[in-house]
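Everything on this sheet refers to the single structure shown next.
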């Protein structure tokens, strides 16, 4: 085996290790998401593991995409994204948050938010750098950080009576002079935390002190479920616009996850760096979907649909949280996203992985262990080892059935 082959194999194994897909004997295994979905299909369990809607978004948006296909928008779009979509993103950021962007230099369309995050990390971090995440973290973060050659560090979120919250002391301890990027997710998957302005100010102060960039994953920006909470982009805090790249997408906001239309915005020199990497990943994507999302970002009827969707998600959140509590779980009520974390320890399960594997037989429901989102042996991994993530972005009748099944867990 040549040195080059060994190096390539090692990097691939680094990614597999970082995402928990490499067994001790060196063989790979499916992701826990694939395992749980297969288990649901095999047992007929209600699948509350994978987080994707079972109902499409607004018909008016789908119609624009269909018209674009039939109208011939089927070849490569411009590399940065079509002008109409970049302008719509810039208008959205100005209208909602007061963020002023040049759509030609400071907005880049990507293949979903995941590509935006991957391209940003690959462009801006490498060996010798650290990328700091809040833990538990979206599993793709570990993979892209491993691909970049940077070191992943983390600070745990902590469960409180008000859901999961930032631990300021732990965050400060996790920073170092090697911290190149803070990969910040709010509203947060998997905990459902919506970071407050005060919490974000802590992140901002530490980023400035250590001269770190912030890549803000805000894909759930519109899915804030309580009237007393609001999404605050960290780029709006004093001094942060010049060191922040903001990521969002159409998939979560408009329930078109399969279209994979995302975007990243921020200072032109940082967006240029991301574009340099992105053009050698997907190059371009989603030609007929881009005009549909440009329409969605500006249409008042679609905005009303989003409001109704959020109100419906809040009701479904409450339905599932109440059902999990009635079944005997300890529940951390989320304020955003479409996930809820529940602790199986009160039911006698110290291992969330074991619980998830047994839950289809016990109650006919599938969840995902929170350990899929933690680093083995970390503080968060130890604290959340018995926790499970469930999604409530399913039809109400599906959730009613799931809650009915979960009742069988409660000891008589």
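In this note's numbering, the protein residues as written are 92 to 503. Just so you know, even glycine gets a beta-carbon here, dropped at the ideal spot from N, CA and C.
Could you check where the beta strand (DSSP E) with residue i kicks off and where it finishes?
i, result
"residue 393", "Segment 391-418 is the alpha helix (DSSP H) holding residue 393; no beta strand (DSSP E) there."
"residue 434", "430-434"
"residue 148", "Per DSSP, residue 148 belongs to no beta strand (DSSP E) and is neither H nor E."
Go through its chain and collect everything with a Cβ distance to residue i's Cβ below 6 angstroms, but skip five positions before and after it.
i, result
"residue 363", "none"
"residue 97", "With a pLDDT of 46 at residue 97, under the threshold of 50, the predicted position of this residue should be treated as unreliable, though the coordinate-derived value follows. Excluding positions up to five away in sequence, the list is empty."
"residue 322", "312, 315"
"residue 173", "381"
"residue 336", "211, 306, 355, 357, 361"
"residue 517", "With the chain represented from 92 up to 503, any question about residue 517 goes unanswered, as that position is not in the structure."
"residue 262", "246"
"residue 331", "295, 325"
"residue 421", "434, 437"
"residue 136", "451, 455, 456, 457"
"residue 227", "281, 461, 464, 465, 471"
Based on Cα-Cα distance, which residue from the options lies nearest to residue i?
i, options, result
"residue 243", "183, 230, 255", "230"
"residue 465", "184, 280, 134", "280"
"residue 170", "441, 377, 446", "377"
"residue 284", "314, 296, 298, 303", "314"
"residue 477", "445, 374, 277, 484", "445"
"residue 413", "384, 494, 349, 449", "494"
"residue 501", "463, 436, 490", "436"
"residue 455", "372, 418, 322, 399", "418"
"residue 260", "483, 293, 239, 289", "293"
"residue 355", "490, 319, 219, 180", "180"
"residue 326", "306, 317, 340, 320", "306"
"residue 289", "251, 163, 252, 328", "328"
"residue 138", "147, 127, 148", "127"
"residue 433", "151, 309, 252, 400", "252"
"residue 277", "338, 319, 460", "338"
"residue 132", "467, 154, 452, 490", "452"
"residue 235", "263, 274, 226", "274"
"residue 310", "406, 346, 409", "346"
"residue 106", "233, 408, 291", "233"
"residue 123", "492, 462, 496", "462"
"residue 291", "195, 352, 256", "256"
"residue 397", "129, 145, 149, 121", "149"
"residue 406", "371, 486, 459", "486"
"residue 223", "265, 160, 194, 192", "265"
"residue 208", "197, 193, 178, 340", "340"
"residue 390", "441, 151, 302, 423", "151"
"residue 386", "352, 408, 373, 404", "352"
"residue 73", "177, 188, 203, 189", "Given a span of 92 to 503 for the chain in the structure shown, any question on residue 73 remains unanswerable."
Check the DSSP bridge columns for residue i and list the partner residues they point to.
i, result
"residue 255", "250"
"residue 243", "222"
"residue 354", "200, 339"
"residue 427", "315"
"residue 308", "276, 338"
"residue 422", "433"
"residue 137", "456"
"residue 270", "221"
Can you name, in chain order, every residue of its own chain whose Cβ lies under 7 angstroms from the Cβ of residue i, other than the five neighbours on each side?
i, result
"residue 369", "199, 201, 206, 210"
"residue 221", "241, 242, 244, 267, 269, 270, 271"
"residue 183", "388"
"residue 168", "375, 378, 381"
"residue 142", "429, 430, 482, 484"
"residue 99", "Because residue 99 sits at a pLDDT of 48, beneath the cut-off of 50, its placement in the model cannot be relied upon, and the point is left open."
"residue 239", "212, 213, 216, 217"
"residue 497", "414, 415, 418, 454, 456"
"residue 287", "none"
"residue 392", "151"
Might you give, ordered along the chain, the residues of its own chain that have their beta carbon closer than 8 angstroms to the beta carbon of residue i, omitting 5 neighbours on each side?
i, result
"residue 186", "none"
"residue 258", "246, 247, 248, 249"
"residue 426", "254, 278, 283, 284, 285, 315, 316, 317, 320"
"residue 304", "215, 271, 272, 273, 298, 334, 335, 336, 361"
"residue 474", "247, 249, 250"
"residue 156", "350, 379, 380, 382, 383"
"residue 147", "153, 346, 347"
"residue 411", "139, 431, 481, 483, 490, 493, 494"
Could you spell out where the alpha helix (DSSP H) holding residue i opens and where it closes?
i, result
"residue 362", "359-369"
"residue 123", "123-134"
"residue 285", "No alpha helix (DSSP H) contains residue 285, which DSSP labels as neither H nor E."
Can we count residue i as close to the ligand SAM, meaning its CB is less than 7 angstroms from some heavy atom?
i, result
"residue 356", "Questions concerning the ligand SAM fall outside what the structure shown contains, since it holds no ligand whatsoever."
Fill in: Secondary structure, beta strand (DSSP E): runs of 3+ residues fully inside the region 171-224
Within the region 171-224, the complete beta strand (DSSP E) runs of at least 3 residues are 198-202.
Discussion item. List, from N- to C-terminal side, the alpha helix (DSSP H) runs of 4 residues or more that fit wholly inside the region 455-491.
Written reply: 470-474
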